[in-house]
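Engineer: Start counting the sequence shown at 7; every next residue gets the next number (the numbering used here). Just so you know, even glycine gets a beta-carbon here, dropped at the ideal spot from N, CA and C. Predicted, not measured: the structure shown is a model, and the values here were computed from it.
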Amino acid sequence: MNLSESSRFDSPLLIKDRKSGVTTPPPLILCGNGNLELGRQTSKALGDLICERNGFDTLRKEELQVEIFDNPTDKWPDQHIRSSRIKTEMTGRYVVIFNNPWPQPDKRLMETFFLIDAARTAGAGYITVVLPYFAYGRGDKKAEARTPIEARVVARVLEMLGSNRIITLDLHAEQTTGSVLIPWDNLYSSHLMIPEIKIEIDPDNAVYMSTDTGGLKRADAYNKRAEGKGIAFEIKARKLNADTSDPEVSAFVGNVDGRDVVIIDDESVSFSSIYLAAMSAVEHGARSVIAVVSHLKDGYSEDNTDFDKMWNLLNGMPSQFRRLITTDTVDHLPEIRNHPLVKIIPTANFFAEIIWRNFSAVSLSPDLID
């Protein structure tokens, strides 16, 4: 998205489009308080990209880092969200709202909504909303009669407020992107995970396993991209309105005997699905097991009442379990960050590249989104 000369404002830096020659102000990243550190790192990585691809010197790089980042969200003493005045003029500008709505999804989503409204009413030319983890993504369909489709509600509010584009990482269900008419880039962490997987296991002996039938497409995509030896999965069910997130396994499908099994899941709250899949894989002859979870939702009791269960299951994995690989979309607890089985993959450079390509009208395919 390249803005015209008429949209320029008093910015210390202007970026010249290599195709059209038009100069535009750099993107402005407005961060909420959901994983603020990831927002800062993404802003820094974006600044580095802009400098590298536009030939800015070190001094201008420092100016740019100040120019492109703002965190105008705080709270009042009564815990209402307080939106501060955004420091930078936004008329005609490409604005990125960056917020990870977990933990405290309701509060983080409200922050996001307020930031979109502030940018839209201030005259932003284009608004991209980056939600690394999409809150309420599991609510992609009616669980039963007279229940809402939560993911659709969140997506439609983002669109209604004036978002022009949405960016997420590993949506629970990709059909959610069809809830709105604006562009939605759902990125795949497999581009980051597969190189790490090949470090941990023999890639020529790998079977990619889904924790349930709903994740088969994701496991199959990993298997094809990494040129694995096949897929496996469990058939399981969850009780509606149950107080626990624990599933019940009824069948195991696939041949993992003597194989290195890679369990794939988009998110985990209690770690129960991963634990059950690992135990089943070992029972069926797996040589080794690792798990890849896009969004590991560790958090203390006020954020995740299942964290104690997650912790106990992680520490009770079978001896064949080698590694849990996850991303930094969640600001992980020290216990998780320092756990010997856990490897956390940074995503800031990935998001920065996506933002830069959208800003510069450069295709995401095939290397970043396919």
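If we ignore side chains and look at the alpha-carbon of each, how far apart do Ile360 and Pro352 end up?
Structural biologist: Each residue's alpha carbon lies about 14 Å from the other.
Engineer: For Ser294, which of helix, strand or coil comes out of DSSP?
Structural biologist: Three-state result, Ser294: strand.
Engineer: Which residue or residues does DSSP assign as beta-bridge partners of Met215?
Structural biologist: The partner list for Met215 (beta bridge, DSSP) reads Ala238 and Ile269.
Engineer: For the beta strand (DSSP E) containing Lys349, list its first residue and its last residue.
Structural biologist: Segment Val348 to Ile351, the beta strand (DSSP E) holding Lys349.
Engineer: Should the region 232-240 be regarded as contacting the region 260-279, the criterion being three or more beta carbon pairs within less than 8 Å?
Structural biologist: As far as the Cβ criterion goes, the region 232-240 touches the region 260-279, which means the pair count is three or higher.
Engineer: Please determine if the region 173-189 and the region 200-217 are in contact, where contact requires at least 3 C-beta pairs separated by less than 8 Å.
Structural biologist: Too few Cβ pairs lie closer than 8 Å, so no.
Engineer: Of all the beta strand (DSSP E) runs that stay within the bounds of the region 142-209, which reach a length of 3 or more residues?
Structural biologist: Segments of the beta strand (DSSP E) lying fully in the region 142-209: 171-175 and 190-193.
Engineer: Three-state secondary structure (DSSP) at Leu319?
Structural biologist: In the structure shown, Leu319 sits in a helix (DSSP, three-state: H, G or I).
Engineer: Note down the Cα distance separating Asp76 from Leu34, rounded to an integer number of angstroms.
Structural biologist: Whole-angstrom Cα-Cα distance: 8 Å.
Engineer: For His301, write down the residues that DSSP places opposite it in a beta bridge.
Structural biologist: Bridge partners of His301: Glu273.
Engineer: According to DSSP, simplified to helix, strand and coil, what is Trp362?
Structural biologist: Correct three-state label for Trp362: helix.
Engineer: Could you compute how far the alpha carbon of Ser13 sits from the alpha carbon of Thr335?
Structural biologist: Its pLDDT being 39, under 50, Ser13 is placed unreliably by the model, and the measurement read from it follows with that caveat. Ser13 and Thr335: Cα-Cα distance of roughly 33 Å.
Engineer: Use the C-beta contact count for Met166: other C-beta atoms within 10 angstroms, 16 or more gives buried, fewer gives exposed.
Structural biologist: Its Cβ having fewer than 16 others within 10 Å, Met166 is exposed.
Engineer: Closest to Val102 by CA distance: which of Arg88, Glu58, Asp112 and Leu36 is it?
Structural biologist: The shortest Cα separation from Val102 among Arg88, Glu58, Asp112 and Leu36 belongs to Leu36.
Engineer: Could you give the C-beta distance for Gly53 and Leu70, rounded to a whole number, given that I count them as a contact under 8 Å?
Structural biologist: 5 Å between Cβ atoms; contact.
Engineer: For Lys81 and Arg88, I'd like the C-alpha separation in whole angstroms.
Structural biologist: Answer to the nearest angstrom: the Cα atoms are 4 Å apart.
Engineer: Between which two residues does the alpha helix (DSSP H) harbouring Asp123 extend?
Structural biologist: Residues Pro111 to Thr127.
Engineer: Once the 5 residues before and after Arg329 are set aside, which same chain residues still bring their CB inside 7 Å of it?
Structural biologist: These residues qualify, in order along the chain: Glu206, Ile296, Leu347 and Lys349.
Engineer: By a C-beta neighbour count over all protein chains shown, 10 Å radius and 16 as the cutoff for buried, is Lys93 buried or exposed?
Structural biologist: Result: exposed.
Engineer: If you draw a straight line from the C-alpha of Glu73 to the C-alpha of Phe119, how long is it?
Structural biologist: Rounded to the nearest angstrom, the two C-alpha atoms are 23 Å apart.
Engineer: DSSP three-state call for Val101: helix, strand or coil?
Structural biologist: Strand at Val101.
Engineer: Between which residues of its own chain and Gly143 is the CB-CB distance below 6 Å, once the five residues before and five after are set aside?
Structural biologist: Within the same chain, Gly143 has close Cβ partners Ala157, Leu177 and His178.
Engineer: Look at Pro201 and Arg99 and say whether their C-beta atoms are less than 7 Å apart.
Structural biologist: Not closer than 7 Å, so no.
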